[in-house]
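Undergrad: Before I ask anything, let me first share the structure, which is written out below as structure tokens.
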Amino acid sequence: QHMLLFLTLTVKSAALLETLLHVFPAATAAAKAALGRQLGGALSRIPPADLAIALTDAFQRMPEGAVPLATRLLAICSEKALVSSALVAGVLQLPHAVLFEAKLIMPLLPHLSTEQAVSVLPSVVALPTPSLKS
């Protein structure tokens with residue numbers, strides 16, 4: 599119940615998504631699964647401009663254990679057509695290690711311009727094969 603309330607509040611303040619990224623590593627497996635099921639509804643109600651700012655800011659300061667949630671957030675944005683050019687630009691500005699070692703770029707590949715895709719292609723191809731399949 600608390601999680602649903604918190605996700606409802608993210609609609610009013612998308613910056614709360616950063617808090618999710620910080621508590622995610624310590625969450626139980628059941629809490630992580632429940633969060634994964636509920637995220638789509640909350641994200642679809644956040645204006646794309648606010649979502650882009652909140653996510654790119656949060657990704658710059660996320661703890662290492664939050665990478666699965668960050669990747670899931672971007673995958674949901676991609677699935678629900680919530681990817682804006684501001685979100686793509688913000689994610690592409692992340693440090694190389696965050697962007698590629700964490701595979702954050704993968705859910706956004708269909709939303710890149712030709713120029714952006716060409717610039718990230720060498721790093722994507724250099725990822726280990728299991729990374730490309732996941």
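Take my numbering: the final residue in the sequence shown is number 732, and no numbers are missing along the way. Using N, Cα and C, we set each Cβ at its ideal position, and we do this for glycine too.
Do the segment 676-684 and the segment 626-642 touch if we need at least three Cβ pairs shorter than 8 Å?
TA: Segments in contact, yes.
Undergrad: Quick one: using the 10 Å Cβ neighbour count with 16 as the cut-off for buried, is A656 buried or exposed?
TA: Result: buried.
Undergrad: Beta-carbon within less than 6 Å of A652's beta-carbon, same chain only, minus the 5 sequence neighbours each way: which residues are those?
TA: Closer than 6 Å at Cβ, skipping near neighbours: A612, A613 and L615.
Undergrad: DSSP state of I703, grouped into three classes?
TA: Residue state, collapsed to three classes: coil.
Undergrad: Residues in the same chain with beta-carbon distance under 7 Å from P623, minus the five sequence neighbours each way, listed in chain order, please.
TA: P661, G663 and A664.
Undergrad: With respect to the alpha helix (DSSP H) encompassing E713, which residues constitute its N-terminal and C-terminal limits?
TA: T712 to V723 is the span of the alpha helix (DSSP H), which, as asked, contains E713.
Undergrad: Suppose only complete runs of 4+ residues qualify. What are the alpha helix (DSSP H) ranges in the segment 623-677, listed by chain order?
TA: 627-641, 646-658 and 665-677, all fully within the segment 623-677.
Undergrad: Just the Cα atoms here: how many angstroms apart are T654 and V689?
TA: Cα-Cα distance, rounded: 6 Å.
Undergrad: Return the chain-ordered list of same chain residues with a C-beta closer than 6 Å to the C-beta of D648, the five sequence neighbours on each side being excluded.
TA: Correct list, in chain order: A612.
Undergrad: How many angstroms separate the CA atom of L697 from the CA atom of H620?
TA: Each residue's alpha carbon lies about 18 Å from the other.
Undergrad: To which residues of the same chain is M601 closer than 8 Å at the C-beta, ignoring the five residues directly before and after it?
TA: Contacts found: A629, A632, L633 and Q636.
Undergrad: Does DSSP put A679 in a helix, a strand or coil?
TA: In the structure shown, A679 sits in coil (DSSP, three-state: anything other than H, G, I, E or B).
Undergrad: Since G709 contacts V723 with CB under 8 Å, what's their CB separation in whole angstroms?
TA: For the record, residue 709 in the displayed sequence is His; it is not Gly. Rounded, the Cβ-Cβ distance is 19 Å, inconsistent with contact.
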